[in-house]
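Q:
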Amino acid sequence: MCSTRAVTELQATTHTIEFPYTRTLGPVIGPFLTGLRDGRILGIRCRDRVLVPPQEYDPETGDALEPPLVEVGPAGTVETWAWVSEPTRKHPLDRPFAFALVKLDGADTAMVHAVDAGSIDAMRTGMRVTPRWRAERKGRIDDIECFVPEGGAA
Amino acid sequence: MTAAKSDTAVTGDEPVTMMEYFMSLTYTDVVSPPVVRFREALMEGRLIAQQCPKCHLVYVPPKGYCPIDTIELDERNEIQLADRGVVTNYTIVTPVQYYGQKETEPFVRASILLDPPGGMLILQDILDIPTDEVRAGMRVEAVWAKPGERNVDEVGNRSGSALEGSLRGFRPTGEPDVPADSFSDKVW
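Listed below in structure tokens is the structure:
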């Protein structure tokens, strides 16, 4: 580039930037995550539909949506998916898995989550899945560790 | 439905109102050739820079170009710098104990105008003197880490003047202070 001498050995630096932060959850996401902690998946009524995950506003009109939330699932149907063959350190599972849109029973919208199906051959659109709950839950989306094929092995 | 509302332990039974999030980003940067040479010099206890042949500004660490004249710079534009100079301005930082803050006591970050051929090092620690005795115009000299204890692992393309692994900071020389008008055109 700008050196007249050939660079025979590349040198590199590694930097890590970290920010811990805390945010308030509000009247809809707070109860949603409280539900996850308690092992329940909640959505919100929006006119004649149920949105999962719940939102504070009608995505079409912007009107405020009012709690209380309604329980859905916990099982659902895979609407579409993408296979992650080489998970990174940040991914929810340390083995190949699918990111999927899962429409839970009783919901009208699908939520993104991981599906631990074992292999890509076990994945298909329309498959039934059910949550695998984390043993110790804290009120986070990953209180659901992932979804797994309903009825056990794929 | 086969799934399971879990009957295992949960954390607390109060409503969840807050979310903790820990953002962490790790990236690796290949060090540019001028900075490779800068790192090699630091390991030898030397400061090098590049000087633009047109505007004569001194870039430390070397950049590989002059952004003002859009001229490429290389080893032919390299100069050796003095490792002593004068404090042109400084800040006393009172550390707030946010995440990642390692300092617990007030400390100084000073800009140092190096002796001819010049060059400005920013964000330098001032050692061996109480923070309230630091002043603009004070003559200082480099305090290098011992040869076997130097490292430049954190000196990259964007680390600027953060050189603590090799150049620990500057300390007073005891020489008389320099009048402000001798460096006032170089205060950042």
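Note that the protein sequences, when read in sequence, are chains P and E. When the first sequence is numbered by this note's numbering, its final residue is 154 and no position is left out of the sequence of numbers. When the second sequence is numbered by this note's numbering, its final residue is 1188 and no position is left out of the sequence of numbers. Don't be surprised by glycine CBs; every beta carbon is placed ideally from N, CA and C. Please read these numbers as outputs of a predicted model, since none were measured by experiment.
Go ahead and pull the three-state DSSP assignment for PHE1038 (chain E).
A: Along the second sequence, read from residue 1 onward, the residue named residue 1038 (chain E) stands at position 38. PHE1038 (chain E) falls in the helix class under three-state DSSP.
Q: If you reduce the DSSP assignment to three classes, tell me which class LYS1186 (chain E) lands in.
A: To locate residue 1186 (chain E), count along the second sequence from 1; it is residue 186. Helix.
Q: At the 7 Å Cβ level, is GLY1165 (chain E) part of the contact set with chain P, yes or no?
A: Position 165 of the second sequence holds residue 1165 (chain E). No, no contact with chain P.
Q: With 8 Å as the C-beta to C-beta threshold (strictly closer), list the residues of the stretch 1022–1033 of chain E near chain P in chain order.
A: Residues PHE1022, MET1023, SER1024, LEU1025, THR1026, TYR1027, THR1028, ASP1029, VAL1030, VAL1031, SER1032 and PRO1033.
Q: Taking only beta carbons into account, state which residues of the stretch 1093–1117 of chain E come closer than 8 Å to chain P, listed in chain order.
A: Those would be TYR1099 and GLY1100, in chain order.
Q: Could you confirm whether any beta carbon from chain P is found closer than 7 Å to the beta carbon of VAL1016 (chain E)?
A: On the second sequence, position 16 is the one that residue 1016 (chain E) refers to. Yes, contact with chain P.
Q: Spell out the partners DSSP gives ARG45 (chain P) in its beta bridges.
A: Working through the first sequence from its first residue, we reach residue 45 (chain P) at position 45. Paired residue(s): P:VAL50.
Q: For THR14 (chain P), decide whether its Cβ has a neighbour in chain E, counting only Cβ atoms nearer than 7 Å.
A: Along the first sequence, one-based indexing puts residue 14 (chain P) at 14. Closer than 7 Å: yes.
Q: Count the other C-beta atoms from every protein chain shown that fall within 10 angstroms of the C-beta of PRO1106 (chain E), then say buried if there are 16 or more, exposed otherwise.
A: Position 106 of the second sequence holds residue 1106 (chain E). That one is exposed.
Q: Considering Cα atoms alone, identify which of E:LEU1163, E:LEU1042, E:VAL1035 and E:GLU1078 is closest to LEU1057 (chain E).
A: Here residue 1057 (chain E) refers to the residue found at position 57 when the second sequence is read from its first residue. Checking every option, the nearest Cα to that of LEU1057 (chain E) belongs to E:GLU1078.
Q: What in chain P is Cβ-close to ASP973 (chain E), meaning under 9 Å?
A: Nothing in the structure corresponds to residue 973 (chain E), since chain E is present only between 1001 and 1188.
Q: Start and end of the alpha helix (DSSP H) containing VAL28 (chain P)?
A: Residue 28 (chain P) sits at position 28 when you count from the first residue of the first sequence. It spans 26–37 - the alpha helix (DSSP H) in which VAL28 (chain P) sits, taken as one unbroken run.
Q: What is the rounded straight-line gap between the Cα of ARG1064 (chain E) and the Cα of THR77 (chain P)?
A: The residue given as residue 1064 (chain E) occupies position 64 in the second sequence. The residue given as residue 77 (chain P) occupies position 77 in the first sequence. Arg is not the amino acid found at residue 1064 (chain E); the sequence shown has Gly there. In a straight line, the C-alpha of GLY1064 (chain E) is about 56 Å away from that of THR77 (chain P).
Q: Going along chain E, which residues have a C-beta under 8 Å from LEU33 (chain P)?
A: Counting from 1 along the first sequence, the entry for residue 33 (chain P) is found at position 33. Ordered by position in chain E, the residues that pass the 8 Å Cβ test against LEU33 (chain P) are VAL1016 and MET1019.
Q: Taking the alpha-carbon of THR1094 (chain E) as reference, which of E:VAL1108, E:PRO1062 and E:GLY1085 has the nearest alpha-carbon?
A: Counting from one through the second sequence, the residue named residue 1094 (chain E) turns up at place 94. That would be E:VAL1108, whose Cα lies nearest to the Cα of THR1094 (chain E).
Q: What is the DSSP secondary structure of THR1070 (chain E), reduced to helix, strand or coil?
A: Here residue 1070 (chain E) is taken as the residue at index 70 of the second sequence, counted from 1. Note: THR1070 (chain E) maps to coil in three-state DSSP.
Q: Return helix, strand or coil for ILE141 (chain P), following the three-state DSSP convention.
A: Against the first sequence, residue 141 (chain P) aligns to sequence position 141. Three-state DSSP puts ILE141 (chain P) in a helix.
Q: Strictly by DSSP, which residues pair up with ILE1079 (chain E)?
A: Start at 1 with the first residue of the second sequence, and residue 1079 (chain E) comes out as number 79. Note: ILE1079 (chain E) sits in a beta bridge opposite E:ALA1049.
Q: From SER1161 (chain E) to GLU1175 (chain E), what distance separates their C-alpha atoms?
A: The residue labelled residue 1161 (chain E) in the question sits at position 161 within the second sequence. The residue labelled residue 1175 (chain E) in the question sits at position 175 within the second sequence. Their backbone Cα atoms lie some 25 Å apart in a straight line.
Q: Which of the three DSSP states is assigned to ASP1029 (chain E) in this structure?
A: For the purposes of this step, residue 1029 (chain E) is taken as residue 29 along the second sequence, with counting starting at 1. Strand, per DSSP.
Q: What is the DSSP secondary structure of ALA122 (chain P), reduced to helix, strand or coil?
A: The count along the first sequence starts at 1 and reaches residue 122 (chain P) at position 122. Helix, per DSSP.
Q: Measuring straight from C-alpha to C-alpha, what distance separates ILE1122 (chain E) and THR1104 (chain E)?
A: Counting from one through the second sequence, the residue named residue 1122 (chain E) turns up at place 122. Counting from one through the second sequence, the residue named residue 1104 (chain E) turns up at place 104. Their Cα atoms are separated by approximately 21 Å.
Q: Going along chain E in order, which residues have a C-beta closer than 7 Å to the C-beta of LEU25 (chain P)?
A: In the first sequence, counting from the first residue as 1, residue 25 (chain P) sits at position 25. Neighbours of LEU25 (chain P) on chain E, chain order: VAL1016, THR1017, MET1018 and MET1019.
Q: Would you identify the three-state DSSP class for GLU966 (chain E), choosing helix, strand or coil?
A: Missing from the structure shown is residue 966 (chain E); chain E here goes from 1001 to 1188 and no further.
Q: So what's PRO1147 (chain E) in DSSP terms, helix, strand or just coil?
A: Numbered from its first residue, the second sequence carries residue 1147 (chain E) at position 147. Three-state result, PRO1147 (chain E): helix.
Q: Hey, VAL1096 (chain E) and ARG1135 (chain E) are a contact pair by Cβ (cut 8 Å); roughly how many whole angstroms apart?
A: As a working mapping, residue 1096 (chain E) is identified with position 96 in the second sequence. As a working mapping, residue 1135 (chain E) is identified with position 135 in the second sequence. Their Cβ separation, rounded to whole angstroms, is 25 Å, which puts VAL1096 (chain E) and ARG1135 (chain E) out of contact at 8 Å.
Q: So that I know if they touch, is there some Cβ in chain E lying closer than 7 Å to that of GLU79 (chain P)?
A: On the first sequence, position 79 is the one that residue 79 (chain P) refers to. Chain E contact via Cβ: absent.
Q: Using 8 Å as the Cβ pair cut-off and three pairs as the minimum, do the stretch 50–60 of chain P and the stretch 1044–1063 of chain E touch?
A: Output reads no: the stretch 1044–1063 of chain E does not touch the stretch 50–60 of chain P.
Q: Please report the Cβ distance between THR80 (chain P) and THR125 (chain P), rounded to the nearest whole angstrom; I am assuming they are in contact, meaning their Cβ atoms lie under 8 Å.
A: Taking the first sequence and counting its residues from 1, the one referred to as residue 80 (chain P) is at position 80. Taking the first sequence and counting its residues from 1, the one referred to as residue 125 (chain P) is at position 125. The pair is a contact, with the Cβ atoms about 6 Å apart (cut-off 8 Å).
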